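Chemist: Please see the structure below; I have some questions.
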Amino acid sequence: MNQSVKKVFYFPLTKVILGISCCLGILIGFQNVVSKPLIYFFFGKNEITDSCINYISVLVLCTTYFYFYKIYEKKTTHELNLRKFPKEFTTGLSLGFGCLSLVIGILYFLNYYEVIAFSNATFFLAPLSSLVIAALIEEVLFRLVFYRIFENWLGTYWALFILAFAFEIPHWANDNVTILSVVLGLLFGFAHGIMYTYTKRLWLPFAFHLGWNVAQPFYGSNLSGITDVGYVIKAKFSGPELVTGSIYGIEDSLISILLLLAISALFLYLSIKENKIIRKPSSKNN
Numbered sequence: 004m005n006q007s008v009k010k011v012f013y014f015p016l017t018k019v020i021l022g023i024s025c026c027l028g029i030l031i032g033f034q035n036v037v038s039k040p041l042i043y044f045f046f047g048k049n050e051i052t053d054s055c056i057n058y059i060s061v062l063v064l065c066t067t068y069f070y071f072y073k074i075y076e077k078k079t080t081h082e083l084n085l086r087k088f089p090k091e092f093t094t095g096l097s098l099g100f101g102c103l104s105l106v107i108g109i110l111y112f113l114n115y116y117e118v119i120a121f122s123n124a125t126f127f128l129a130p131l132s133s134l135v136i137a138a139l140i141e142e143v144l145f146r147l148v149f150y151r152i153f154e155n156w157l158g159t160y161w162a163l164f165i166l167a168f169a170f171e172i173p174h175w176a177n178d179n180v181t182i183l184s185v186v187l188g189l190l191f192g193f194a195h196g197i198m199y200t201y202t203k204r205l206w207l208p209f210a211f212h213l214g215w216n217v218a219q220p221f222y223g224s225n226l227s228g229i230t231d232v233g234y235v236i237k238a239k240f241s242g243p244e245l246v247t248g249s250i251y252g253i254e255d256s257l258i259s260i261l262l263l264l265a266i267s268a269l270f271l272y273l274s275i276k277e278n279k280i281i282r283k284p285s286s287k288n289n
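Positions 4 to 289 (my numbering) are the ones given, in order, by the sequence shown.
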């Protein structure tokens with residue numbers, strides 16, 4: 004390969020654009036050409052088949068990322084290594100779900116949260132699977148592709164700063180966006196970036212993202228401004244929006260933001276302490 008062409012082909016921005024295009028292109032193509040037509044043809048469209056399609060999409064996305072960068076970058080994709088999957092996934096899920104559970108507990112103690120009813124188990128079919136694939140898509144594209152490459156190119160701190168904005172900007176199109184939800188989104192992008200820096204794997208930030216997103220409809224809250232994601236507990240929120248969160252959801256409660264800030268600070272401290280921070284651009288192609 005010509006040196007000039009090779010330089011462009013392996014330039015970090017090129018690697019990001021090609022990676023995102025490949026991962027999304029194959030995922031969308033597989034869904035529309037293979038999984039949806041076949042599954043709907045043989046089994047019809049229902050909660051169970053929609054769930055199956057979403058979980059198949061999880062495998063397709065991870066496989067696409069794994070082989071694309073294994074071939075493109077000529078390296079082993081350690082970021083999908085399963086050796087520490089149980090520990091990191093459990094930790095992330097517990098932190099994400101537990102963080103907002105603590106918020107709900109505080110609201111309940113303050114009489115700002117009231118349980119009205121419980122739903123049936125259908126939330127754990129298609130709605131849950133949709134949250135799984137949505138969180139995975141964002142984590143693969145923003146953390147494994149965008150952040151990983153930018154961190155090795157510009158260093159951890161610049162990558163965290165850029166990622167925070169890159170992650171939040173698409174969420175501005177959501178309904179019911181508020182100033183606090185924008186602050187939350189910037190912090191959320193930072194938090195997941197530093198979690199990746201600490202582990203250099205997908206599982207902790209993905210599981211935290213999933214736990215955080217599942218907790219909101221689980222407790223009857225809107226999710227990132229979306230009002231129709233389903234619920235497990237039908238609830239009534241009252242009290243000042245600064246405490247309970249706005250119509251955007253409990254995640255833009257000041258309590259949620261402060262807890263997320265504490266978690267971000269913890270993983271930043273651990274990353275610095277354990278020398279995980281990349282302080283200058285890497286000369287390597289990874």
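By construction, the Cβ of each residue, glycine as well, lies at the ideal position given by its N, Cα and C atoms. The structure presented is a predicted model; accordingly, all values stated were derived computationally and were not measured.
Helix, strand or coil, according to DSSP, for residue 22 in the structure here?
Modeler: Position 19 of the sequence shown, counting from 1, holds the residue named residue 22. Residue state, collapsed to three classes: helix.
Chemist: Bridge partners of residue 117, per DSSP?
Modeler: One-based indexing of the sequence shown puts residue 117 at position 114. Paired residues: 239.
Chemist: Can you tell which of 112, 78, 133 has the C-alpha that lies nearest to the C-alpha of residue 220?
Modeler: Residue 220 sits at position 217 when you count from the first residue of the sequence shown. Closest option to residue 220, Cα to Cα, is 133.
Chemist: Could you tell me whether the Cβ atoms of residue 229 and residue 177 are closer together than 8 Å?
Modeler: Taking the first residue of the sequence shown as position 1, residue 229 is located at position 226. Taking the first residue of the sequence shown as position 1, residue 177 is located at position 174. Their beta carbons are under 8 Å apart, which means residue 229 touches residue 177 by this criterion.
Chemist: Buried or exposed: residue 241, going by 16 or more other Cβ atoms within 10 Å of its Cβ?
Modeler: Looking up residue 241 in the sequence shown gives position 238. Burial call: exposed.
Chemist: With H, G and I counted as helix, E and B as strand and the rest as coil, what does DSSP make of residue 249?
Modeler: Numbered from its first residue, the sequence shown carries residue 249 at position 246. Residue 249: strand per DSSP, three-state reduction.
Chemist: Which whole runs of the beta strand (DSSP E) in the stretch 84-147 are 3 residues long or more, in chain order?
Modeler: Fully enclosed beta strand (DSSP E) runs of 3 or longer: 116-121.
Chemist: Can you round the beta-carbon distance between residue 135 and residue 213 to whole angstroms, since I take them to be within the 8 Å contact cut?
Modeler: Taking the sequence shown and counting its residues from 1, the one referred to as residue 135 is at position 132. Taking the sequence shown and counting its residues from 1, the one referred to as residue 213 is at position 210. The Cβ separation is near 6 Å, so the contact holds.
Chemist: By how many angstroms is the C-alpha of residue 245 removed from the C-alpha of residue 11?
Modeler: Taking the first residue of the sequence shown as 1, we reach residue 11 at position 8. Taking the first residue of the sequence shown as 1, we reach residue 245 at position 242. About 48 Å.
Chemist: Look up residue 226 in the DSSP assignment and give the residues it is bridged to.
Modeler: Residue 226 sits at position 223 when you count from the first residue of the sequence shown. In the DSSP output, where bridge partners are listed per residue, residue 226 has 229.
Chemist: Here's the rule I'm using: 16 or more other beta-carbon atoms within 10 Å means buried, otherwise exposed. How should residue 79 be labelled?
Modeler: Walking along the sequence shown from the start, residue 79 turns up at place 76. Answer is exposed; the Cβ neighbour count stays below 16.
Chemist: Can you give the Cα-Cα distance for residue 194 and residue 107, rounded to whole angstroms?
Modeler: Locating residue 194 in the sequence shown gives position 191, counting from the first residue. Locating residue 107 in the sequence shown gives position 104, counting from the first residue. If I take the Cα positions, the gap works out to 21 Å.
Chemist: I'd like to know if the stretch 88-108 and the stretch 257-266 are in contact, where contact means that at least 3 CB-CB pairs between them fall below 8 Å.
Modeler: Because the criterion of three Cβ pairs below 8 Å is met, the stretch 88-108 and the stretch 257-266 touch.
Chemist: Classify residue 204 as helix, strand or coil using the three-state DSSP reduction.
Modeler: Within the sequence shown, residue 204 is the residue found at index 201, counting from 1. If DSSP states are grouped into helix, strand and coil, residue 204 belongs with coil.
Chemist: Let me check understanding here. Comparing Cα to Cα, which of 40, 85, 63 lies closest to residue 28?
Modeler: For the purposes of this step, residue 28 is taken as the residue at position 25 of the sequence shown. Nearest of 40, 85, 63 to residue 28, Cα basis: 63.
Chemist: Between 30, 196, 251, 9, which has its C-alpha nearest residue 175's C-alpha?
Modeler: By 1-based counting over the sequence shown, the position of residue 175 is 172. Minimum Cα distance to residue 175 is reached at 251.
Chemist: Buried or exposed, going by whether 16 or more other CB atoms sit within 10 Å of the CB of residue 180?
Modeler: In the sequence shown, the residue the question calls residue 180 occupies position 177. Buried, because 16 or more other Cβ atoms sit within 10 Å of the Cβ of residue 180.
Chemist: Any heavy atom of the ligand FAD closer than 7 Å to the beta-carbon of residue 78?
Modeler: Annotation note on the ligand FAD: not contained in the displayed structure, which lists no ligands.
Chemist: Locate the alpha helix (DSSP H) running through residue 14, then write down its first and last residues.
Modeler: Start at 1 with the first residue of the sequence shown, and residue 14 comes out as number 11. Note, residue 14: premise wrong, no alpha helix (DSSP H); not H, not E.
Chemist: Do the CB positions of residue 139 and residue 61 come within less than 8 Å of each other?
Modeler: Locating residue 139 in the sequence shown gives position 136, counting from the first residue. Locating residue 61 in the sequence shown gives position 58, counting from the first residue. Yes, these two residues count as a Cβ contact at 8 Å.
Chemist: Using 8 Å as the threshold, is the C-beta distance between residue 200 and residue 159 below it?
Modeler: If you number the sequence shown from 1, residue 200 lands on position 197. If you number the sequence shown from 1, residue 159 lands on position 156. Taking 8 Å as the Cβ cut-off, residue 200 and residue 159 qualify as a contacting pair.
Chemist: Could you give the distance in angstroms between the alpha-carbon of residue 157 and the alpha-carbon of residue 239?
Modeler: Counting from 1 along the sequence shown, the entry for residue 157 is found at position 154. Counting from 1 along the sequence shown, the entry for residue 239 is found at position 236. Distance between the alpha carbons of residue 157 and residue 239: 46 Å.
Chemist: How big is the Cα-Cα spacing for residue 206 and residue 184?
Modeler: Reading the sequence shown from its first residue, position 203 is the one you call residue 206. Reading the sequence shown from its first residue, position 181 is the one you call residue 184. Distance between the alpha carbons of residue 206 and residue 184 is about 25 Å.
Chemist: With a Cβ-Cβ cutoff of 8 Å, do residue 196 and residue 162 count as a contact?
Modeler: Here the question's residue 196 lines up with position 193 in the sequence shown. Here the question's residue 162 lines up with position 159 in the sequence shown. The answer is yes: Cβ separation under 8 Å.
Chemist: Residue 92 and residue 83: beta carbons closer than 8 Å?
Modeler: Along the sequence shown, one-based indexing puts residue 92 at 89. Along the sequence shown, one-based indexing puts residue 83 at 80. Not a contact, by the Cβ cut-off of 8 Å.
Chemist: Considering residue 69, what are the terminal residues of the alpha helix (DSSP H) in which it resides?
Modeler: Taking the sequence shown and counting its residues from 1, the one referred to as residue 69 is at position 66. 50-75 is the span of the alpha helix (DSSP H), which, as asked, contains residue 69.
Chemist: Smallest Cα separation from residue 130: which of 56, 104, 87?
Modeler: By one-based count along the sequence shown, residue 130 stands at place 127. Ranking 56, 104, 87 by Cα distance to residue 130 puts 56 first.
Chemist: Specify the secondary structure class of residue 282 as computed by DSSP and reduced to three states.
Modeler: For this step, residue 282 is matched to residue 279 along the sequence shown. Looking at residue 282 - three-state DSSP - the assignment turns out to be coil, as it is neither helix nor strand.
Chemist: Let's see if you can read the secondary structure: which residues bound the alpha helix (DSSP H) around residue 168?
Modeler: By 1-based counting over the sequence shown, the position of residue 168 is 165. Unbroken alpha helix (DSSP H) run through residue 168: 159-171.
Chemist: State the DSSP-derived secondary structure class of residue 255, mapped to helix, strand or coil.
Modeler: For the purposes of this step, residue 255 is taken as the residue at position 252 of the sequence shown. If DSSP states are grouped into helix, strand and coil, residue 255 belongs with the helices.
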